[in-house]
Each structure stands twice: as structure tokens, then as C-alpha cells.
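Residue numbers (the numbering used here), protein chains in the order written: chain A, 1 to 282; chain B, 1001 to 1291; chain C, 2001 to 2362. All C-beta atoms in this analysis are idealised placements derived from N, C-alpha and C, irrespective of residue type, glycine included. A quick note: this is a predicted structure, and the numbers were derived from the prediction, not measured.
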């Protein structure tokens, strides 16, 4: 989901600026990055420390919290629930969002502004409000509470972002690619799978990543809507309220490392794709 | 050629439009528009003796103004949201500028590093700040070690300060990225032209660069404000029990008081605040410049 | 019904009209193109040439009229079912595929066997002058190479008609000249039917068997290059193709296609008309004469039979000199002179002379 950058080949490095500004800039950036990563480092540190209550001074190195976390069935169940809920949400968001973005980016029709407003309004509404409204809806249909409810809620929260990302990518999509494929004999379905899908892959990866992590880590709405099922954030939350055990740190570390690795890998892949296909936009 | 080609072959594009737009329109209507509508309706009802009274009333809204707890929550939420937005803008700008203009080949790396924490769960990061800010946490321990203070600072955690800090931390990437995009669009040659025409570098910055960053500032500010005012986890984890924010009040009404209409009114009020901010903003700024 | 006889033109455009809402983009165009012909649709932007091309390829449908390929109508037939191939202005080479994969695309859509695909791609790469470049990514090849790959991709499926939409616009001058002769050579070699769209009249004159000069949705003239140049049917054609001088005249008498005309100064001149309906005596018209057809003779007095005037500007451009002669307050002719010896001087009085069948009435 990196924003497109100006070609760094074009502008020469500005060597006229005083060195001081650059030095300050680098120093400041380092500070900001420390700010960003300090909490993450802290969690990881405490996950390996054998103190029962996290705090300083750090105790001895241990892996027992990890063992405890993995050995805890309800925690693992929450992890599993969060994972597959996030997964289904991502699939839903893409399947509903991509066709919509294609129509919005490439076709005109009456009432388009209205449709845009309807699709994008969740962005400007605090997530909690959206979640609570869904709670009201589910009260009328209690069978939807639980994991289905969470999936519905998370999809509703992330659809607008999915459409936004797809839309902005598809806006610059060269129509002549589609026409050339059709001209050479590809039916519409064929064109979608051969041309549109591959060239939109970076956007799809970005959306999947965004939706997945959003859903995976989302707490408050899930809490309202889940009934008796506990997603991982809920489990963490409950555990934190009662300060059960540092195994929370352990599982947090696992999640952190997994999501960070996934996100870095995905970003690098997207960059490579965009460099390979060169100029996809006009 | 971003305009859709109106002359489609065979004029049968109609069904494709419906197929593409249909599902999402249906989804949004059923799972978003209608529920929010229901929420507004709820806000005008009332809980009397644990039963829902369906008659129209403004009781809940009046309560927000009259009940000191609720009113304070509203004010505090607004204050914190504004403070967070402004502080985030100030903090985000230098780094966005640096990445856009000075980073050179580290640019991509830095962008990734900015985004990556965002991909991790919010609840985890909030929890991490708890560890950092606590009386036995890292920051206090460090300050005591170095000798700057004798006793651990207690205001670091469970205070509006902690809430604000947590909010800034969580949403800073949302400010950095749009700002970065705006700044990146400012071509060096424009600045060179300004300097050539007699402006000092600082003047050139304010005359050329800064005005062109306004779209990015606006996008960042809008997102930050919306997230800051609506977030629940950060205030709940870091704010302590004494100063409630509007999001916590909403949860309280729903979960504890079982006062759904009351909670609904608070939520609708929250919504109204955000929408009116946006409308005011749109007066100052044309939408096309921002999108 | 597919009547593949020699009577049927390869492409028949029959009274085709295209409206965009209220705007008429193409109005009642009739063109028959024979197999193996190179026909160019020439005109300024907005004249309807690209619209016409898109209707032939299937991306637009005519509002009325018919388009037939080899006798059978293609109305309502989607592009992927028509036997036409389009070379796009921006090449539209698939960026996520290699050169070979781009070439193979159309064959894959036709479910050609893998072995045959490889063979045909190899042959095409050779024909295009790009041997061994199959594995290159699209982002790695030059503009000229991309142009050829785009051509190859369209040709490899052996279409009945190849359509080219201003394909050489992005190339520099020298490359463009090269590609023009390449295209012509390939067309001759394959005996293929080409329909070419361009706004560059020089390009059209060089490559075409026939040119359809279009203006505001109508075909003003459909003729071989020499006819379009030397015997333009309308003033638009005369003005758009090559340079020309225009003189307002009144028709005095018509004899078949020959006309006797009188200009504002009373000169009696001769001209030929190639319009569909020749002008009638008494009507106003225009006489056009090309700069290179004018010879200048120094003179001291005005004559009744020839135009004369004063030289007021000379522009040298290498081999030729353009001499501007002011004939009257609002009339200025220019002659193109290649004979370096005989260039008159500024403010000299000269007589304008031309061969009797060179002037055209439009």
C-alpha cells in the first residue's frame, strides 16, 4: 500500500541545502522510528523474560511463556478464530470490492455520486459507531451473532478501504490492454483472468493485507458482536483485565513477528511487481 | 482517459454495471445504512424501568448536556482529539519531508518501516505502552537510573497524557503517508525557480512547498481526528478510570447500564461532530484538491 | 452467410453513420476495400477516422449502416470474434508478459497447439527483425522494438484485415521513416489488407494504395495518392494534403471537366474540376495551384492572362526556396523553387505561370 513515488531518476540530489538540515532530519527520523518500535521491542523483551509480572529489571531468558501460550487451548482457539475470520473477511472484501471498483473506475452511470457516498461513508464514521449499529441490527437477527457477525462487521468496516484502494489503482489502468486482449480473441472472462487480475495483483495484495490485519487485530466491534466466541484480541483483553500471565506477551510476540514479516514481504513483493511491469499507468 | 467510454459495444453494459455495483450497494445498505438508521431511531427512544419506551424523546441528548460525567467526556474527547491531531501534524511533517526529499535510496525502506507497525494489532501496541509507561516500566526506570528523577512519574500512565500519547502513536502513520504523498509531488524545479526569482530557501518553503502540502495535511488531519475521537482501546487501557472519553461512555452505556438509547444518542452525537467538522472543512477546501 | 467470392471486397463499409448523443461523428461513409489493399484514413483530429476504425474492429457499433468483412456483416459481433486485428496507438503490449508471450497471446486464445505457437512466434520474431528477443520483458525493449512487437502480435493471428491506429506517432522522425517502409514491405509480402489511420498526410501519401481523406465525419475524397494530391476534389483536400495556393474565382464556362474562370482582377484562367458534381457556370468557386507547379518570370508590366505581383518574402529551406508574392491587398501566393539560379529578389515584380492542366477547381 505504498503511495506511488516520483521517479527518483529525474531530480538530482539537492546538494545545495545546508548539511545541518539533513543531519537534523536524519536524527529526527531515528527518534521517530525509536518511538514507533519501542513498544514492539518491549513486548518482545518481556516475552523472553521469566518474571511473572512484566517490569524492570528484566529477569532471565526463558521460553516458558511461549510453551504456555501454545499449550493453552482457549488461547489457541481464539487465535484460530481470529485467523479464519480475518481470512474470510479479506476474501469477501476483495470479491465485493473489486467488481465495484471496476465499474466505478471505468463506467459512468446515473447516481454514481450517490453510490460513491454510500460506499465510502464508513471511512468518515468512527468504527465504533458502525459496530454498534450492527449490534442493533443483529439484535433483530440473533442467529447472526458470533463468528458470522464478526465477519459481517469486519467486512463492513473494511469494504470502503478496499474499494478506495482498488478504485485508485484501476483509475489509471490502461484500457488499451483490455481492448488489445479482446481484439486478439479473449472473451471478457478471459480478459479478467489474463489481464486485469495479474495487473491488479499489487492492489489485491495490499487490500488483503490491510483487511486481514485490520480484522485480525480489531477488538471493540468484535467484542460487541461475538456472543460467546472469543477472538484473539478479546482473549488478550480479558486476560489483561485480570493480568493472568505473561504468556500474553509470548503470543503477542508471535503475532507481531508473523504480521511484520508478512507485511514486509508483501510490500517488497508489490514493489518488485511494479518495477517489473514498468509503467502500468498512463 | 479516466472518463468512462460511453459508447460500449452492443449497449449491453447495463447488466455488468449492476453485477459489479449490486453486491456492494446491497451490502452497504443492509449492513451499514440501515443499522446506522436504526441507531438514530434508537437515540430518540428511552429506557424506562429497564424497558424500551418507543415514544419519541430528546431525553438522551439532553442528558448528554446535563449529566456532568457525559458532558465532561464529550469535552475531553474533543480536546484530546484536537490536541492529538495538531501534535501529530507537527510530528509527522519533518519526517514526511525527510522521506520525500532527503532519503534518497532509503526512501522505500523508511516508508516500509513507517507502515509496518501499523500492520500489528492495536491492542498489542496499546498494551506495550502500558509496559513502557508504568511506574515500573522502562521510561520511569530509565529516568530514575540516569538520575533525572527520584520517584517514578505517575502521570505517565492512566492519564489523559497517556491516552493522547497512545493515540498519537497509533495513528501517526496515517498522517505521515498522505503528507509524504503531497510533499513528494512538489518538484524541486519549482523551488529552484522560486529561489532564482529571489526568495530565500525558507521563504520558498512557505510560498511553494507548504501550500502544496495542504491536501496531505487535510487528509491526515481528517483521518487522525476521526480515529482519535472514536478509539476505545487506547483510552480504556491507558487512560485510567477517572477521565472517561466519549467512546468509553458509549461502551459503558451499552454494556453496563444496558441503556442502549443513551449509548445510541452518544454515538449519533459523535457522528454528528465528525460530519460537521468535515462540512466545515469542505467550505475551506475544494474536494478535488484533496482527493 | 459467407460468400467468399472475388466479387466481395475484403471490407465493405456501407452507409455507416455514428452518433454520440447529439454529435454526429461519422456520417454516411461508404468505402469498399479490396483484398491486399493498403487504404489510409487521413484527416485532422476529430474527423471520425479513429471512430470508423473502432467500428470496424468491433469496439463501437454504428448507429446505422452496415460493415461487412468478406461479404458477411459483422454488426453485433464482439471484437474477440471478428477476424480483424488492431495495432494500438500506445501499442498496448501486456507489461506482465514477455515479448514471446505477447506474440503468442492471440494464438493461445485460438487454442493453437503449443508446438505450433512456438514455431510461429519464432518465425514472427525473425520477420520482425527481433530474433532471440522472445524472453525480454516489455519494460526492457525500445520504442521501435515495441512498435514491431505490437505489429507482430496483431499479424501472427493472420487476420483478414489489419487495422492500424496511428501506430508510428511515438517514434522519432528517422525511425518513423524506417517503419513506414517496413510496414509497406510486410504488407506487400503478406498480401494483407491494411487499414491505416493517420493525420500525417506525408505518411499517407507514401504508403497507401488509396487514401480516404476525412473531415468532420465525411469522406471528402477516396482515391490513390497521386489523385488526391494532384486532383483534389474539394478545397479541404487541397488544403490538407500538401501545400496549396487558393484563388477565388467565378466560373464562366464548363466544358466537361475543363473550366474557364475569371478571378477578381479580371484574369481569364483555366482549371480542371474533379469534384463529384462539377460547378455550374456563374457559380463562385476556388482555384488551387500547388507551389511547386508555379514558375516565376520577371516582368515589368501586368498582363491580362497571368497573375502578377511583387515578391515580398523569401524563405530558404535547404533544397527549396519558398517565394511569397503579393498579388493584391488580400492575396498572397507562394511558389516553391528548386532552381537556385532563378530566385527573384525581394520587391521584384514577377509573373506567375503554370501548366494549363495544373490548376484545379475545388
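Could you tell me the distance, in whole angstroms, from the CA atom of residue 16 (chain A) to the CA atom of residue 2093 (chain C)?
Note that residue 16 (chain A) has pLDDT 48, beneath the 50 cutoff, so the model's placement of it is unreliable and no number is given.
Give the interface partners of residue 1958 (chain C) over in chain A, defined as CB-CB distance under 8 angstroms, in chain order.
This structure does not reach residue 1958 (chain C), given that chain C is present from 2001 up to 2362, and the question cannot be answered.
For the region 2141-2152 of chain C, which residues have a beta carbon sitting closer than 7 angstroms to at least one beta carbon of chain A?
none
Taking residue 2102 (chain C) as part of the beta strand (DSSP E), name the residues at either end of that continuous run.
First-last for residue 2102 (chain C): 2099-2109, but that is the alpha helix (DSSP H), not the beta strand (DSSP E).
Take the Cβ of residue 1118 (chain B) as the centre, count every other Cβ of all protein chains shown within 10 Å, and call the residue buried at 16 or more, exposed below.
buried
Check whether the Cβ atoms of residue 2296 (chain C) and residue 2344 (chain C) lie closer than 7 angstroms to each other.
yes
Which bits of chain A does residue 2079 (chain C) rub up against, with CB to CB less than 8 angstroms?
179, 182, 183
Member of B:1164, B:1050, B:1066, B:1219 whose CA lies at the smallest distance from the CA of residue 1233 (chain B):
B:1164
For residue 1083 (chain B), the three-state DSSP class (helix, strand or coil):
The DSSP-derived three-state label of residue 1083 (chain B) is helix.
Report yes if the CB atom of residue 2360 (chain C) is closer than 7 angstroms to the CB atom of residue 2271 (chain C), and no otherwise.
yes
Please name the residue, chosen from A:264, A:197, A:256, A:50, that lies closest to residue 1113 (chain B) on a Cα-to-Cα basis.
A:264
Which same chain residues end up closer than 6 angstroms to residue 1998 (chain C) when comparing Cβ atoms and leaving out the 5 residues on each side of it in sequence?
In the structure displayed, chain C extends from 2001 to 2362; residue 1998 (chain C) sits before or after that span and is not available.
Length-filtered (4 minimum) alpha helix (DSSP H) runs lying within the region 1125-1205 of chain B
1138-1146, 1160-1184, 1188-1196, 1201-1204
Does chain A have any CB closer than 7 angstroms to the CB of residue 1161 (chain B)?
Not closer than 7 angstroms to any Cβ of chain A, the Cβ of residue 1161 (chain B) fails to qualify, so no.
May I ask you to list the residues that DSSP assigns as paired with residue 2326 (chain C)?
C:2310, C:2332
Is it buried or exposed, residue 2232 (chain C), if we count other Cβ atoms within 10 angstroms and call 16 or more buried?
buried
Residue 1257 (chain B) classed as buried or exposed, judged by whether at least 16 other C-beta atoms fall within 10 angstroms:
With fewer than 16 other Cβ atoms inside 10 Å of its own Cβ, residue 1257 (chain B) counts as exposed.
Could you tell me the distance, in whole angstroms, from the CA atom of residue 2011 (chain C) to the CA atom of residue 195 (chain A)?
Between residue 2011 (chain C) and residue 195 (chain A), the C-alpha separation is close to 30 angstroms.
Please look up how many angstroms separate the CB atoms of residue 2191 (chain C) and residue 2036 (chain C), rounded, as I've assumed it's under 8 angstroms.
5 angstroms
In this structure, how does DSSP classify residue 2141 (chain C) when only helix, strand and coil are distinguished?
coil
Inter-residue spacing [alpha-carbon to alpha-carbon] between residue 1147 (chain B) and residue 1155 (chain B):
18 angstroms
Measure the Cβ-Cβ separation of residue 103 (chain A) and residue 1086 (chain B) and say whether it is below 7 angstroms.
no
With a threshold of 7 angstroms between beta carbons, is residue 2358 (chain C) in contact with chain A?
no
Buried or exposed for residue 268 (chain A), please, with buried defined as at least 16 other CB atoms from any protein chain shown within 10 angstroms of its CB.
Residue 268 (chain A) should be labelled exposed.
Within 10 Å of its beta-carbon, does residue 2055 (chain C) have 16 or more other beta-carbons around it, so buried, or fewer, so exposed?
buried
Around the Cβ of residue 1029 (chain B), are there at least 16 other Cβ atoms within 10 angstroms (buried) or fewer (exposed)?
exposed
Using a beta-carbon distance cut-off of less than 7 angstroms, what residues from the region 1221-1246 of chain B approach chain A?
1226, 1229, 1230, 1232, 1233
CA nearest to the CA of residue 1023 (chain B), picked from A:100, A:30, A:67, A:212
A:100
Does the count of Cβ pairs from the region 117-134 of chain A and the region 1031-1038 of chain B closer than 8 angstroms reach three?
yes
Would you call the region 1181-1195 of chain B and the region 1216-1229 of chain B touching, i.e. three or more CB-CB distances under 8 angstroms?
yes
Is the region 2099-2116 of chain C in contact with the region 2177-2191 of chain C, if contact means three or more CB pairs nearer than 8 angstroms?
no
Note down the Cα distance separating residue 2193 (chain C) from residue 1209 (chain B), rounded to an integer number of angstroms.
Whole-angstrom Cα-Cα distance: 56 angstroms.
Report the neighbours of residue 2055 (chain C) on chain A: residues whose CB is nearer than 8 angstroms to its CB, in chain order.
Near residue 2055 (chain C) there are no residues of chain A at all, since even the closest Cβ is about 13 angstroms away, more than 8 angstroms.
So, does the CB of residue 2096 (chain C) fall closer than 7 angstroms to a CB anywhere in chain A?
yes
So, is the C-beta of residue 2086 (chain C) closer than 7 angstroms to a C-beta in chain A?
Chain A, which has a Cβ nearer than 7 angstroms to the Cβ of residue 2086 (chain C), makes this yes.
I need the boundaries of the alpha helix (DSSP H) containing residue 103 (chain A), first residue and last residue.
73-106
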